[in-house]
Every structure is written in C-alpha cells, then in structure tokens.
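For the sequence shown, our numbering assigns the number 21 to the initial residue and increments by one for each residue that follows.
We put the beta carbon where it would ideally sit given N, CA and C, even for glycine.
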Amino acid sequence: MQTICVTGATGFIASHTIALLLDRGYHVRGTVRSLARPDAHAFLTALPGAAERLELVEAQLLEPGSFDAAIAGCDAVLHMASPYVMSVADAQADLVDPAVKGTVNVLQSCARTASVQRVVVTSSMAAVTDEPDQSVVLTEADWNTRSSLVRNPYYFSKAEAERAAWSFMETQKPAFDLVAINPFIVIGPSLTAQLNTSNAILADLVKGTYPGILALTWGFVDVRDVALAHVLALETHQAAGRYLCAGNTITMREVVSLLRGLNVTGARLPSLGLDNAVGSVAVKLMSYTQPGGVGSYLRSHVGRVPRYDTSKIQRDLGLSFRDIRISIADAVADMSRWGHVGR
Numbered sequence: 021m022q023t024i025c026v027t028g029a030t031g032f033i034a035s036h037t038i039a040l041l042l043d044r045g046y047h048v049r050g051t052v053r054s055l056a057r058p059d060a061h062a063f064l065t066a067l068p069g070a071a072e073r074l075e076l077v078e079a080q081l082l083e084p085g086s087f088d089a090a091i092a093g094c095d096a097v098l099h100m101a102s103p104y105v106m107s108v109a110d111a112q113a114d115l116v117d118p119a120v121k122g123t124v125n126v127l128q129s130c131a132r133t134a135s136v137q138r139v140v141v142t143s144s145m146a147a148v149t150d151e152p153d154q155s156v157v158l159t160e161a162d163w164n165t166r167s168s169l170v171r172n173p174y175y176f177s178k179a180e181a182e183r184a185a186w187s188f189m190e191t192q193k194p195a196f197d198l199v200a201i202n203p204f205i206v207i208g209p210s211l212t213a214q215l216n217t218s219n220a221i222l223a224d225l226v227k228g229t230y231p232g233i234l235a236l237t238w239g240f241v242d243v244r245d246v247a248l249a250h251v252l253a254l255e256t257h258q259a260a261g262r263y264l265c266a267g268n269t270i271t272m273r274e275v276v277s278l279l280r281g282l283n284v285t286g287a288r289l290p291s292l293g294l295d296n297a298v299g300s301v302a303v304k305l306m307s308y309t310q311p312g313g314v315g316s317y318l319r320s321h322v323g324r325v326p327r328y329d330t331s332k333i334q335r336d337l338g339l340s341f342r343d344i345r346i347s348i349a350d351a352v353a354d355m356s357r358w359g360h361v362g363r
C-alpha cells in the first residue's frame, strides 16, 4: 500500500490523477498552496477513498524545503504543480521561476527522503517544440530550443523546467529515478467548476471569441489518458526517460464542425474561413495586437501541422488513447454542466 505525493493537487490533471490513485488503493498526499479555505479543495476530499487515504499538505513552489513534510515517507512523487497561462505581465517571475525553481525544490526534497524511489514530472509537448514542422516527426529525442521570455514564454518555462529536472539527475545523482510525461493540449471533463486553459479553447470557439476558422492544427489528449499515463509510469518498473503523450491531430475546422454537430444552445461558432494562405497572413499580422503569449503562439503555429510518434508510451506503458472526438464531446458536455457554455 504505497503512499504517493502529488504536487499541485487541485490542478486539472493532478485532480484526475489523485482520483485514479485512490481508486487503485494508494495513499495520496497532495500539496496545496493553502489549507485556509477548505472549500477550494472540497472536491478532492469528497473523492471515493479520500476520507481514508488522502491527506492535503501546504507547500509553496518557490520556498526551498517547503515540500519536505509532504514528501516525507512517500514511495514516489508526481510533480504536477506548474503555472499554465499563455500571457503574463512578467514571464520570468510568473512562469519561469515557479516552473524551474519549483521543480528543483521538489527534487531536492525528494533527494532528502530515502523512501522515494521514483519521481514522475508532468512536462509538456511545449518542451519538445514551439513551432511544429510537418516535415519532422517529433520523438522523445526532440527539444524546444526556440522559445524565450518573449517568444512563447509558457513553452519556455516548460522546456527550462524539464531541462532543470534532467540536469538535477545528472549532477546530483539521487537514489530515485525520473520519468517525464509530455502531453499535448489536455482536454476533457473537469472535477471542478474552474475552466482550465485547454478546455477554454473549446469554450472560446463556442462563444464566438475567434474571428474566424484559423489554419491551426492541434494535438489534443484526454485528461483521463494523461492521468493514467502518470499512474502507469509509477507502476511500470521499466519506464524510463520521456514519454510523448498525445492523441491524433485535428484542425480547427474539424473541431468547429464537430462542435456544430453538438447543437450547443447559444453557440456562435466561427464561419469565416481564414484557414488559407491569405487568411494566415492576415492572422499573423493581427497577432501583433494580441497579448504577448497569444501573439507569439499564433505566429509560430498558424499554418503548421504537428507530427509526432507516440509509439514509446504505447509500447512501454501499454497506453492507448481515446478517440479525440469523444474527448471533445465529453469536454463540451462537462463545460455545459458547469455553465461555461450553453446546453
């Protein structure tokens, strides 16, 4: 009966992972920024098995030693706490420092805890590439080397955080081993009413936020598959290195068509076709009027199609991915339930 520490317990992926760990009989110790507002994490303590096997502990990403108490006596750690926002006022302070220093602080706490055997870090495809190239099939060997504090700063934070984790393993040589899960855009039903950044893409399409159908191709993955990937990375002895975690790609036009078929009340789906050469030029020019992170994302992704090889995660962990069309439908139904979109 192992005890697993999950950092950032209230997060979209982390909460699904905790639910799965409890369902499989694990004891879970989740970290939260504050215990002062029990209502903020009541959805976790209400999970089946939580009363007997879930403990919440305060910890702060930027405070060295803050995770010592949470990790003490744990057999493994899932480090999932990291900011996820596309545009911020100060990329260094708001994105890079929490991601990088937080990762190092967690690993240092793990190194001080003799019981920890494995750490699984939630990285991202953002650490693999920030400008997809259809002529290149991405694998675990690829790294994002183009992002910076001004170009796709969120992507930069994820790449720097994962690099810091592998550098720690190389220089400190701790007793535990490290596995990284690199999901693409994570969507699906949520355990809370909070609208996460990835599902907000679908909500924005439904609510008419986009000026038209852009030449964007997304790699989506279901949050339930990502949660399972983390648990399998704990349970599979031979798991090692990085794992790309993504379902099939889908264009914005295909997503809009699928959403139209769901007949969401009050939907204002885009119809203007900007997914062509002229439209892409117009969108890239318009991108300079957008917040920094959004603008750089559009300039580096419009007109580009990501290709990637997920055979390693399927082979090593035995993971198979849900049909992304079902994930989109489930996500929209769930957002309707929480009141983010119409019925």
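- CA-CA distance, Val352 to Val301, rounds to 30 Å.
- Excluding its 5 nearest sequence neighbours in each direction, Val325 has C-beta neighbours in its own chain below 8 Å: Pro152, Gln154, Thr237 and Thr269, listed in chain order.
- Annotation: Glu83 to Tyr175 spans about 23 Å, alpha carbon to alpha carbon.
- Going by C-alpha positions, Glu190 is about 18 Å away from Val97.
- Asp336 is a Cβ neighbour of Gln258, given a cutoff of 8 Å.
- Nearest C-alpha to Lys193 among Thr212, Cys130, Thr27 and Ala161: Cys130.
- Taking the CA atoms as reference points, Asn202 sits about 13 Å from Ala260.
- Around the beta carbon of Gly293, fewer than 16 other beta carbons sit within 10 angstroms, so the residue counts as exposed.
- Leu81 is not a Cβ neighbour of Thr30, given a cutoff of 8 Å.
- Between the alpha carbons of Lys304 and Leu234 lies a gap of roughly 10 Å.
- Judged by DSSP in its simplified three-state form, His321 adopts helix.
- Counting along the chain, Tyr263 sits inside the beta strand (DSSP E) bounded by residues Gly261 to Cys265.
- Here the C-alpha atom of Ile221 lies approximately 20 Å from the C-alpha atom of Ala34.
- By a beta-carbon distance limit of 8 Å, Val52 contacts His61. Their separation comes to about 6 Å.
- The three-state reading of DSSP puts Arg342 in coil, since its state is none of H, G, I, E or B.
- For Ala89, the uninterrupted alpha helix (DSSP H) run begins and ends at Asp88 to Ile91, by DSSP.
- For Met145 and Ala184, the gap between their C-alpha atoms comes out near 16 Å.
- Bridge pairing for Leu158: Tyr328 [DSSP].
- DSSP places His47 in the strand class (E or B) of the three-state scheme.
- Between Val226 and the set Leu74, Ala70 and Gly359, the nearest pair of CA atoms involves Gly359.
- In the structure shown, Val284 falls within a coil segment according to DSSP collapsed to helix, strand and coil.
- With fewer than 16 other CB atoms across the displayed protein chains lying within 10 angstroms of its CB, Glu75 is exposed.
- Membership of Asn125 in the alpha helix (DSSP H) is indicated by the continuous run Asp117 to Ala131.
- Straight across, the Cα-Cα distance linking Glu180 with Cys265 is about 19 Å.
- Residue state for Arg335 is assigned as helix, using DSSP reduced to three classes.
- Per DSSP, the beta bridge partners of His99 are Val141.
- Tyr328 is positioned such that its CB atom lies closer than 8 Å to that of Gly239.
- Annotation: Glu83 is outside any alpha helix (DSSP H) and is labelled neither H nor E by DSSP.
- With contacts defined by Cβ atoms closer than 8 Å, Leu40 and Leu248 form a contacting pair.
- In the structure shown, the three-state DSSP call for Trp186 is helix.
- Under the three-state reduction of DSSP, Pro290 is assigned to coil, being neither helix nor strand.
- Of Thr285, Ser54 and Thr37, the smallest CA-CA separation from Ala70 is found for Thr37.
- At least 8 Å separates the beta-carbon of Leu252 from that of Leu115.
- Here Arg138 has Ala96, Phe196, Asp197, Val199 and Leu254 as same chain residues with Cβ atoms under 7 Å from its own Cβ, once five neighbours each way along the sequence are excluded.
- Taking Gly85 as reference, the option from Gln128, Ile346, Thr23 and Asp295 with the minimal CA-CA separation is Gln128.
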